[in-house]
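Encoded as structure tokens, the structure appears first; notes follow it.
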Amino acid sequence: MSLETNNFTITLVGNPNSGKSSLFNILTGLRQSVSNFPGVTVDKKIGLISLNDGRQVSLIDLPGLYSLHPNSSDEKVVVNILTNESDTDYPDLVIYVADASNLERHLLLATQIIDLKIPMIFAINMIDIIEDKNQKINVETLVKYLQIPVVSISSRKEIGIETLKEKIENFSPQSASSYIRKNSIYDIPDTLTNSISDIQSRLGNTNKYQTKILLHHHSWLSHLSDKSRDSIEEMAVATKFDDIKNQLDETMSRYSSFGAISRKTVVTNGLYPQTRTDIIDNVITHRFWGPIIFFGILFFMFQAIYAWSEAPMDLIDGFFSFAGGTVRDLMPAAWYTDLLVDGIIAGLGGIIIFVPQITILFLLIAILEETGYMSRAVFMFDGIMQKFGLNGRSIVSLVSSGACAIPAIMATRTISSWKERLNTIMVSPLISCSARIPVYAVLVGFVVPDMTILGLFNAQGLVFMGLYLLGIVATLAAALVFKTVLDVKNDNSFLMIELPQYKRPIWKNAFLTVKEKVTTFIMEAGRVILVISVLLWFLASYGPSTAIDNANTEARSYIESNQLSEIDAENYMASKKIEASYAGHLGKFIEPAIKPLGFDWKIGIALLTSFAAREVFVGTMATIYSVGSADDEASVREKMAAEINPQSGAKVYSSATALSLLIFYVFAMQCMSTLAVVRRETKSWKWPIIQFLYMGALAYFGSLITYQIMS
-14 MSLETNNFTI TLVGNPNSGK SSLFNILTGL RQSVSNFPGV TVDKKIGLIS
36 LNDGRQVSLI DLPGLYSLHP NSSDEKVVVN ILTNESDTDY PDLVIYVADA
86 SNLERHLLLA TQIIDLKIPM IFAINMIDII EDKNQKINVE TLVKYLQIPV
136 VSISSRKEIG IETLKEKIEN FSPQSASSYI RKNSIYDIPD TLTNSISDIQ
186 SRLGNTNKYQ TKILLHHHSW LSHLSDKSRD SIEEMAVATK FDDIKNQLDE
236 TMSRYSSFGA ISRKTVVTNG LYPQTRTDII DNVITHRFWG PIIFFGILFF
286 MFQAIYAWSE APMDLIDGFF SFAGGTVRDL MPAAWYTDLL VDGIIAGLGG
336 IIIFVPQITI LFLLIAILEE TGYMSRAVFM FDGIMQKFGL NGRSIVSLVS
386 SGACAIPAIM ATRTISSWKE RLNTIMVSPL ISCSARIPVY AVLVGFVVPD
436 MTILGLFNAQ GLVFMGLYLL GIVATLAAAL VFKTVLDVKN DNSFLMIELP
486 QYKRPIWKNA FLTVKEKVTT FIMEAGRVIL VISVLLWFLA SYGPSTAIDN
536 ANTEARSYIE SNQLSEIDAE NYMASKKIEA SYAGHLGKFI EPAIKPLGFD
586 WKIGIALLTS FAAREVFVGT MATIYSVGSA DDEASVREKM AAEINPQSGA
636 KVYSSATALS LLIFYVFAMQ CMSTLAVVRR ETKSWKWPII QFLYMGALAY
686 FGSLITYQIM S
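Heads up: the sequence shown begins at -14 in our numbering, then just goes up one per residue.
Here it is, written out as structure tokens:
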């Protein structure tokens, strides 16, 4: 073990909201990356620390937890690492980050890790806030109790960082003993001594407290062999080991040990008035004003995501349109040009165009997290959301889905319970997103005329609102179902959360968070989106050779006989080509299945192609009906309104068909980007497949019932 990048591991450990991630960003800067811990979906942040002597060492930011008796899947990852000395991520040195204003609570986990005999530096963070409260830190008292190096720091103002680096530089195999407390802080009760000694002899463990943790959590610790797990279980049964009682006894014993120490460490210089945080919380967490302020903030977030992203998204869209046109002008007319322009460039555009929304959402969420407000929102609404199997943090994702489900699903990473996070992921796409607006705009006119009700309310606007309300109702209903059917063991959903001090955001942290999320989306989800884009291009561009030849011949004959203009001729040729393509054949193949919904094969093509993105429906209709501009919704609507069923003579887009199609788009998972992100967030194809199937079933049967009743 030496201070070199390849064979030395430093880990950051601490409670949530302790400033651990801020310290990680300060120590590593841009020299950091995100992967996953082996075998799990939990993100692993790793970076490089540049020491004053020129060396660089690895630093891993472990997920936050409150004790070695974990509640969430993220916390279990940490316990797995800290109890397995053969793990590649097992720390040579722990930097424990504690919030100075809540020192007593932080000492619970810190003393547990100390008893594991892992070398540690104890970093007391947020000393600037302590000083603002007319308090000071008596470091010597804590050093005498913990018997390890203690450093006072402020990750917000970057105070004490150089001192911390010096402590790291001074660490070596020879000095490691000075970073370890010689005596255990917690005395294991006599009733467990024999059991632990027996397990130690069977497993070859030397650390008694580590063995006690194995006794508590042997059923899920992944590094234990089946034989070891059976041996521990046998001992637990023989001694009638009471897991919960022993956890409580240990917790109380530790608090009685360090309670007085924490009070002596944080010293108050006389009386101090009510803090700024207390004053703000009197309003922010108020039973009446609190929810109003919260929904006001979320309304602002929704408007910001939708309004602020419009201009950059238009620029991105224009750039890729320009790039595609330029490439087509410079390259010869050939299949590879079409592939490059309509497949790859269009696919990349479909990826990058979401970046503004993701950036804005995560910037705003990071600011709320940095200031300490997000914890208040979770505290206020967790009880209500729990009734639906969700979490207080689910509110942010559900409201954000009104703009786009992609950043909303990525925002679920703030939910610690995997069951509640998964439930949120599975139901978020049911909230109508902005991509559905073009579809609604085209179809609502077929359902109700443009008129006012009571001289005040626009009828079409009320239908719009009804569609959004329908999505919200479906979301909560689906959440109740998933609350029942999701079987995630050992994933308790009670709330344990800290309400940190309000503070100004650290912009460096916020921007690094945004960078991480945007990079992850582009590199991970983007690859899947690009592949599917190319596949959809192929299906819409090619078909059986005989069918394509016949379509071209018929189109040229029609164009010549009707003397169509150049633009009309191109549009008509495109419409005949898509009808003869593989996508057209698929549309006619699925027509028998969608006919009971009031849909024909042309709508079937739109359903297939709009899987790339819901708004593609309008463009597909424009191409099929030979309309010049895909963005000219009035022209699309007029052509669709004039479409007649050749067999029945009735209008294809009757009120029944249009309402049926609207219901379909309210419920259907018509967005490959969302599925790609769900795959990324769950690290499995199982959940996006289930999501696609259940939403597809809702869309099909909802549409079927609607059409059959209306017609």
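We put the beta carbon where it would ideally sit given N, CA and C, even for glycine.
| Item | Value |
| --- | --- |
| Is it the case that the stretch 102 to 121 contacts the stretch 77 to 94, given that we only count it when at least three CB pairs across the two stretches are under 8 Å? | yes |
| Could you give the DSSP three-state label for lysine 193: helix, strand or coil? | helix |
| Report yes if the C-beta distance between methionine 105 and valine 79 is below 7 Å; otherwise report no. | yes |
| Restricting to Cα atoms, I'd like to know which of Ala463, Met657, Leu683 is closest to serine 700. | Since the first residue shown for the chain is -14 and the last is 696, residue 700 is missing from the structure and cannot be characterised. |
| Around the Cβ of tyrosine 164, are there at least 16 other Cβ atoms within 10 angstroms (buried) or fewer (exposed)? | buried |
| Could you tell me the boundaries of the alpha helix (DSSP H) in which aspartate 347 lies? | First, the amino acid is wrong: residue 347 is phenylalanine here, not aspartate. First-last of the alpha helix (DSSP H) with phenylalanine 347: 340 to 356. |
| What number of angstroms, rounded off, separates the C-alpha of tyrosine 240 from the C-alpha of proline 158? | 32 Å |
| With DSSP run on the structure shown, which of helix, strand or coil describes glycine 687? | helix |
| With burial defined as no fewer than 16 other Cβ atoms inside 10 Å of the residue's Cβ, what is the status of phenylalanine 243: buried or exposed? | buried |
| Looking at the structure shown, is glutamine 676 part of a helix, part of a strand, or coil, going by DSSP? | helix |
| Going by Cα to Cα distance, which pick from Leu549, Arg398, Tyr321, Tyr685 is closest to lysine 29? | Arg398 |
| Leucine 454 to cysteine 656, Cα distance in whole Å? | 20 Å |
| Beta strand (DSSP E) containing glutamine 185: first to last residue? | It is not in any beta strand (DSSP E) - glutamine 185 instead sits in the alpha helix (DSSP H) that spans 175 to 188. |
| With distances taken Cα to Cα, identify the nearest neighbour of cysteine 418 among Ser386, Val427, Tyr425. | Ser386 |
| With H, G and I counted as helix, E and B as strand and the rest as coil, what does DSSP make of valine 663? | helix |
| Secondary structure at aspartate 74, three-state DSSP: helix, strand or coil? | coil |
| Taking 6 Å as the cut-off, does the CB of aspartate 327 come closer than this to any heavy atom belonging to the ligand MN? | With respect to small molecules bound, the structure shown includes none, and the ligand MN cannot be examined in it. |
| When you compare the CB positions of leucine 383 and isoleucine 416, do they come within less than 7 Å of one another, or not? | yes |
| How far does the alpha helix (DSSP H) with glutamine 232 in it reach, from first residue to last? | 228 to 250 |
| In terms of alpha-carbon separation, which member of Phe373, Thr178, Phe279, Tyr194 lies closest to alanine 463? | Phe373 |
| Short check: CB of leucine 592 to CB of leucine 689, under 7 Å? | no |
| How long is the line joining the alpha carbons of isoleucine 338 and methionine 298, rounded to whole angstroms? | 5 Å |
| Can you tell me where the beta strand (DSSP E) with aspartate 28 in it begins and where it stops? | 28 to 35 |
| Which one or two residues does DSSP pair with alanine 292 in a beta bridge? | The partner list for alanine 292 (beta bridge, DSSP) is empty, contrary to what the question assumes. |
| Using the three-state DSSP reduction, which class does methionine 105 fall into: helix, strand or coil? | strand |
| Can you tell me where the beta strand (DSSP E) with lysine 580 in it begins and where it stops? | Per DSSP, lysine 580 belongs to no beta strand (DSSP E) and is neither H nor E. |
| Name the DSSP beta bridge partners of valine 42, please? | Ile34 |
| Whole angstroms are fine: how far does the CA of glycine 451 sit from the CA of valine 651? | 11 Å |
| For serine 58, which residues in the same chain have their Cβ closer than 6 Å to its Cβ, ignoring the five residues on either side in sequence? | Trp403 |
| Taking the beta strand (DSSP E) that isoleucine 144 belongs to, which residues open and close that run? | Taken as a continuous stretch (DSSP letters only), isoleucine 144 belongs to no beta strand (DSSP E), as it is neither H nor E. |
| Report the three-state DSSP secondary structure of serine 161 (helix, strand or coil). | In the sequence as displayed, the identity of residue 161 is alanine instead of serine. Looking at alanine 161 - three-state DSSP - the assignment turns out to be helix. |
| Does DSSP classify glycine 377 as helix, strand or coil? | coil |
| Using the C-alpha atoms, what's the distance from serine 204 back to lysine 121? | 44 Å |
| Can you find at least 3 beta carbon pairs, one from the stretch 128 to 142 and one from the stretch 273 to 287, that sit closer than 8 Å? | no |
| Assuming lysine 102 contacts asparagine 179 under a Cβ cut-off of 8 Å, what Cβ separation, rounded to an integer in Å, is found between them? | 22 Å between Cβ atoms; not a contact. |
| Unbroken alpha helix (DSSP H) runs of length 4 or more, entirely within the stretch 632 to 659: which are they? | 640 to 652 |
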